[in-house]
Amino acid sequence: MELIATNRGSHKLLYEGYANTDLSQGLRSRPDAEVCLERTMITLTKKLKSSKGGGIPEPPKKRISIRDQLLVKEVSEMESNLPEGCTVKFEDPNALHTFRLIVAPPEGYWAGGVFVFSINVPEDYNIAPPVVRCETKLWHPNISEEGEICLSLLRQNSIDGLGWAPTRRLKDVVWGLSSLFQDLLNFDDPLNIEAAEHYQRDKDSFRWKVRDYIETYTKR
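Count along the sequence shown from 1, then add 348; that gives the number in our numbering.
Written out as structure tokens, the structure reads:
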């Protein structure tokens, strides 16, 4: 955080230097920039005198957003209820609205791989859902090779009635993403149609391609 110190002492001297002169005449005769500064200091001095105790008022405290208030509780709850094989990483411990989820599936086609998801919580959370992308390239029917994710929970307007709602929490998002490698794996409603068709056509070949992507793009 950058701290900016302001020296008001020189301004005070500038104001007092004109205390015994014809102020209106002085303002008319001095350059515009100096006149502007003088008027600003006059206004500031009046405000300081009228403030409680006559001292310099403290700057207003930054208001904490609803999102940040929710995140203080939800992040703690999320970290206490992580699915098996999942960890979270915060690049900045003071920025709870952006973090990474690392999923290492313990079983299934993607076991042995490590998949990283970036999660960004928008300012209008919890009305709007978190924005999630998969940063690891993989062969999966519900995750595109570009990182897009097909998960009803992440959609604000989902036709299946399972979409985002203000009652959802961050832990639900984490469990949903983890389940894409197991319980929520869906070959019948794919985002990556080619991957789904590959599975339907030749399951062994699909498995080998999944392993090839893991060896190429992921590592523990």
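Cβ coordinates follow ideal geometry from the N, Cα and C atoms, glycine included.
Leu449 versus Lys421, Asn474 and Pro478, residue with shortest Cα-Cα distance | Here residue 449 refers to the residue found at position 101 when the sequence shown is read from its first residue. The option with the nearest alpha carbon to Leu449 is Pro478.
Classify Ala443 as buried or exposed, calling it buried when 16 or more other Cβ atoms lie within 10 Å of its own Cβ.
-> Looking up residue 443 in the sequence shown gives position 95. Its Cβ having fewer than 16 others within 10 Å, Ala443 is exposed.
Using the rule of at least 16 other Cβ atoms within 10 Å of the residue's Cβ for burial, across every protein chain shown, is Gly631 buried or exposed?
-> The question about residue 631 has no answer, for the chain in this structure spans 349 to 568.
Beta-carbon spacing of Leu532, Asn490 below 9 Å = By 1-based counting over the sequence shown, the position of residue 532 is 184. By 1-based counting over the sequence shown, the position of residue 490 is 142. Against a cut-off of 9 Å, the Cβ pair of Asn490 and Leu532 comes out as a contact.
What residues match up with Val451 in a beta bridge as DSSP calls it?
-> In the sequence shown, counting from the first residue as 1, residue 451 sits at position 103. Per DSSP, Cys434 and Phe463.
Quick one: using the 10 Å Cβ neighbour count with 16 as the cut-off for buried, is Ile467 buried or exposed?
-> The sequence position of residue 467 within the sequence shown is 119, counting from 1. Per the 10 Å Cβ criterion, buried.
Take Leu499 and list the residues in its own chain whose beta-carbon comes closer than 6 Å to its own, dropping the five residues that flank it on each side.
-> As a first step, residue 499 must be located in the sequence shown, where it is residue number 151. Gly524, listed in sequence order.
For Glu422, collect the residues of the same chain with a Cβ closer than 6 Å to its Cβ; drop the 5 residues on either side in sequence, then sort them by chain order.
-> The residue labelled residue 422 in the question sits at position 74 within the sequence shown. So the qualifying residues of the chain are Arg517 and Leu518.
Using the C-alpha atoms, what's the distance from His488 back to Asp537?
-> To locate residue 537, count along the sequence shown from 1; it is residue 189. To locate residue 488, count along the sequence shown from 1; it is residue 140. So the two alpha carbons sit approximately 12 Å from each other.
If I'm right that Leu502 touches Trp512 with Cβ under 8 Å, what's the distance once you round it to whole angstroms?
-> Here residue 502 refers to the residue found at position 154 of the sequence shown. Here residue 512 refers to the residue found at position 164 of the sequence shown. The Cβ separation is near 7 Å, so the contact holds.
Of the choices Phe465, Ile497 and Trp458, whose alpha-carbon is the least far from that of Thr484?
-> Mapped onto the sequence shown, residue 484 falls at position 136. It is Phe465 whose Cα lies nearest to the Cα of Thr484.
Please work out which residues of its chain come closer than 6 Å, Cβ to Cβ, to Val521, disregarding the five sequence neighbours upstream and downstream, and give them in chain order.
-> Here the question's residue 521 lines up with position 173 in the sequence shown. Result list for Val521: Pro478, in chain order.
Pick helix, strand or coil for His546, following the three-state DSSP scheme.
-> What you label residue 546 is simply residue 198 of the sequence shown in a count that begins at 1. Three-state DSSP puts His546 in a helix.
Could you check if Val558 is buried or exposed, using at least 16 other CB atoms within 10 Å of its CB as the buried criterion?
-> Numbered from 1 along the sequence shown, position 210 holds the residue referred to as residue 558. Val558 comes out buried.
Secondary structure of Ile475, DSSP reduced to three states = Locating residue 475 in the sequence shown gives position 127, where the first residue counts as 1. Note: Ile475 maps to coil in three-state DSSP.
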